[in-house]
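Worksheet: the structure to be examined is printed underneath.
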């Protein structure tokens with residue numbers, strides 16, 4: 001520690017780090033301190049991913065005690081397949097929820113996406129990649145419409161996307177025509193991707209090492225930069241602790257899945273998209289602007305952010321992800337049918353984002369909430385199916401879980417406000 | 423009231439010059455024919471009663487509202503300010519009365535909002551260092567720049583807002599009630615800061631209801647009343663004259679109160 005009095009400011013302090021000048025603030029140090037700070041945060045309502053992890057443990061305990069098959073490796077692999085399709089839709093929903101907006105048409109949009117694959121690829125013989133691209137373009141187009149209605153005409157997204165829900169459903173039915181469904185050819189790469197293709201064992205173990213290595217490299221680099229800039233740094237022990245814990249957990253999960261069929265490529269794609277979106281939200285100017293507009297749109301506008309463009313990008317991303325989710329579900333089901341994207345798809349996608357910890361009030365959330373939330377939702381659906389319960393009960397239970405998630409969100413929000421944590 | 427003689431104290435041309443600015447909100451004219459010149463290196467205090475149009479004028483210059491009519495010249499060139507980002511680009515920075523901070527973001531994110539370093543891979547370390555430098559220049563007492571703004575007090579938020587306005591090295595800085603929420607020491611710091619900014623050769627427009635602060639730092643005092651220019655004064659002008667101009671009458675609530683107090687004092691003396 002070198003002393004630099006001009007940085008320490010006028011405050012009397014022993015500490016010489018640029019950001020540790022104020023003696024009134026307590027700072028967590030070391031592993032014990034980190035754990036203590038975590039409990040402090042939770043107590044004041046900054047729950048993060050805690051409710052969803054607790055919820056997941058409860059759900060898995062209940063279902064595995066009712067039916068041991070639930071926790072079998074192959075059932076979990078199936079679960080991951082199901083998670084990927086709706087999860088991608090949910091990833092888009094996170095984007096608009098962060099702005100404090102909503103898109104109720106993602107279910108229909110995914111239906112249109114799957115219908116487009118059926119019509120373009122199977123019926124008209126358009127190359128697969130071009131057909132997928134077509135679906136994404138239609139998604140972007142819908143996003144442009146929603147954001148224009150929102151920013152130019154002041155139409156609440158709740159209403160415009162509700163109208164879009166009906167219009168897109170109509171479009172889906174129109175495209176599928178009188179037959180009502182188009183089967184995708186079995187044995188095609190598309191259907192294999194949605195039903196069979198697994199990441200090879202050795203590769204999955206290797207990929208599971210990446211997050212840990214990434215954390216370690218980024219952590220050490222940030223540490224060096226902060227030290228060079230005379231800012232306080234976290235202890236190396238803490239970093240190593242986190243890295244070790246993450247790596248062991250991931251490798252254990254991969255090991256267990258590899259006892260069954262393995263890790264689906266489709267799930268790998270979903271996780272890759274989550275990682276990319278997480279980077280965009282936390283490390284880019286665009287992500288910062290999304291958070292700012294969601295928190296206080298007027299403040300964002302006054303600081304020179306082009307709010308309309310932020311709305312445009314968010315709605316476009318949301319609808320495109322919905323279309324992509326539809327494409328994946330067509331691959332998963334090997335058909336594009338009138339049922340695709342109807343029923344509970346819409347609400348499952350929204351519920352997943354909220355359960356995962358993205359606030360309905362805007363300005364708070366993360367890409368990971370789509371991943372965590374969809375695992376909860378699909379676990380419930382999967383478990384109830386294993387118990388041979390009817391879909392009527394499934395809807396009721398999923399509804400109750402969503403209600404609980406929103407209650408936890410708004411209670412945590414009140415607690416955060418009273419503890420000054422926004 | 424001496425309008426014209428005081429309007430041009432500096433020898434140089436004004437950086438910012440407003441001519442005949444009007445702003446209507448529906449049937450209400452919030453501003454009517456406002457003229458205002460700001461020179462480099464001077465502090466202009468904008469005073470007036472509630473609803474006199476001070477904040478509206480600031481918002482016109484900040485690009486929040488578009489003026490209904492009138493011309494704005496910046497460094498001799500006629501310009502129109504259509505958005506807050508255009509105002510920032512020209513070098514007109516504003517600290518709004520409603521502080522315009524995002525409570526869900528931390529102090530660093532707020533200071534750099536819209537101006538983040540390295541847009542595709544945010545340089546958090548450099549931004550944090552710059553944030554601390556700005557805050558230390560203001561002798562700010564911010565516990566941690568990684569706390570969300572929601573956890574800060576009113577005065578701390580004010581300091582963050584001021585620090586943010588200085589980020590882009592502006593030519594003109596407009597402060598809407600900069601000391602309203604501040605303690606004694608922080609007020610003094612902000613006034614020091616205003617002087618420091620002026621000495622750097624920037625133009626400063628400051629709105630305040632606190633006549634003591636206004637006299638302490640301003641070179642000219644511009645009075646608005648009911649959306650119109652109502653005189654330009656020096657800091658040496660007497661309080662009665664200023665208050666008279668602000669309220670529009672020599673017989674006003676303030677003078678009546680002063681008269682009553684004087685009377686009371688006189689009768690008390692008689693009793694003794």
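Chains as they are written, first to last, in our numbering: chain F, 1 to 422; chain Z, 423 to 694. Beta carbons: idealized from backbone N, C-alpha and C, even for Gly. All values reported here derive from a predicted model rather than from experimental measurement.
>> What does the alpha-carbon distance come out to for the pair residue 180 of chain F and residue 337 of chain F?
In response: 6 Å
Hey, does residue 222 of chain F have any beta-carbon neighbour from chain Z nearer than 9 Å?
yes
Helix, strand or coil at residue 442 of chain Z [DSSP, three-state]
strand
Subject >> Limits of the unbroken alpha helix (DSSP H) element including residue 414 of chain F >> reply: 391-418
Does DSSP classify residue 358 of chain F as helix, strand or coil?
coil
Are residue 469 of chain Z and residue 664 of chain Z closer than 9 Å when you measure CB to CB?
-> yes
Within its chain, find whatever has a CB closer than 8 Å to the CB of residue 208 of chain F; leave out the 5 residues flanking it on each side and keep chain order.
247, 250, 251, 253, 254
Requested in this report: With a floor of 3 residues, list each beta strand (DSSP E) that falls wholly inside the region 607-634 of chain Z, ordered by position along the chain.
Outcome: 625-629
Name the residue from F:242, F:369, F:219, F:333 whose alpha carbon lies nearest to the alpha carbon of residue 274 of chain F.
-> F:369
**Prompt:** So with Cβ pairs under 9 Å, would you call residue 618 of chain Z a contact of chain F?
**Reply:** no
query = Taking just the CA atoms, how far does residue 70 of chain F sit from residue 331 of chain F?
reply = 24 Å
*Return the chain-ordered list of same chain residues with a C-beta closer than 6 Å to the C-beta of residue 378 of chain F, the five sequence neighbours on each side being excluded.*
79, 82, 83
(message) For residue 423 of chain F, would you say it is in contact with chain Z, using Cβ-to-Cβ distances shorter than 9 Å as the test?
(response) Because chain F spans 1 through 422 in this model, residue 423 of chain F falls outside it and cannot be assessed.
message: Any beta carbon of chain F sitting closer than 9 Å to that of residue 531 of chain Z?
response: yes
Review point. Relative to the alpha-carbon of residue 196 of chain F, which residue among F:135, F:283, F:74, F:231 has its alpha-carbon at the smallest distance?
Key: F:74
Item to complete: Taking all protein chains shown into account, decide if residue 302 of chain F is buried (16 or more other Cβ within 10 angstroms of its Cβ) or exposed.
Response: buried
Looking at the strands, I want to know which residues DSSP matches up with residue 596 of chain Z. Z:516, Z:627
| request: Would you verify that the beta carbon of residue 516 of chain Z is, or is not, closer than 9 Å to some beta carbon of chain F? | output: yes
- Tell me, please, whether the CB atom of residue 610 of chain Z is closer than 9 Å to any CB atom in chain F? no
Could you pull the start and end residues of the beta strand (DSSP E) that residue 503 of chain Z belongs to?
Note, residue 503 of chain Z: premise wrong, no beta strand (DSSP E); not H, not E.
| task | State yes or no: is the beta carbon of residue 425 of chain Z nearer than 9 Å to at least one beta carbon in chain F? | result | For residue 425 of chain Z, the predicted model reports a pLDDT of 43, less than 50, meaning its position is unreliable and no value from the coordinates is stated.
Can you check which of these residues, F:171, F:101, F:35, F:108, is closest to residue 325 of chain F by C-alpha distance? F:108
Item to complete: For residue 337 of chain F, name the three-state secondary structure that DSSP assigns.
Response: strand
For this session: Starting from the beta carbon of residue 299 of chain F, find every residue of chain Z whose beta carbon is closer than 7 Å, and list them in chain order.
Result: 522, 523, 524
Closer than 8 Å, Cβ to Cβ, to anything on chain F: give me those residues from the region 458-478 of chain Z, in chain order.
none
Review point. Given that residue 40 of chain F touches chain Z, what residues does it touch there, using C-beta distances under 7 Å?
Key: Within 7 Å Cβ-Cβ: nothing; residue 40 of chain F doesn't reach chain Z, min ~13 Å.
Please list the partners that residue 229 of chain F has in chain Z, where partner means a Cβ-to-Cβ separation under 8 Å. 547, 548, 550, 551
How many Å lie between residue 657 of chain Z and residue 516 of chain Z at the Cα?
-> 23 Å
Alpha-carbon to alpha-carbon, residue 687 of chain Z and residue 681 of chain Z | 10 Å
Does the region 431-451 of chain Z touch the region 599-611 of chain Z, meaning 3 or more C-beta pairs lie closer than 8 Å? no
* **Nearest-angstrom Cα separation, counted from residue 474 of chain Z out to residue 604 of chain Z** => 23 Å
* To do: Tell me whether residue 85 of chain F is buried or exposed, calling it buried when 16 or more other Cβ atoms sit within 10 Å of its Cβ.
  => buried
Query - Alpha-carbon spacing of residue 137 of chain F relative to residue 320 of chain F, whole angstroms - result: 7 Å
State the Cα-Cα distance for the pair residue 410 of chain F and residue 401 of chain F, rounded to the nearest angstrom. 14 Å
>> Residues of chain F with CB closer than 7 Å to the CB of residue 487 of chain Z, please, in chain order.
In response: None at all; the shortest Cβ gap to chain F is about 11 Å.
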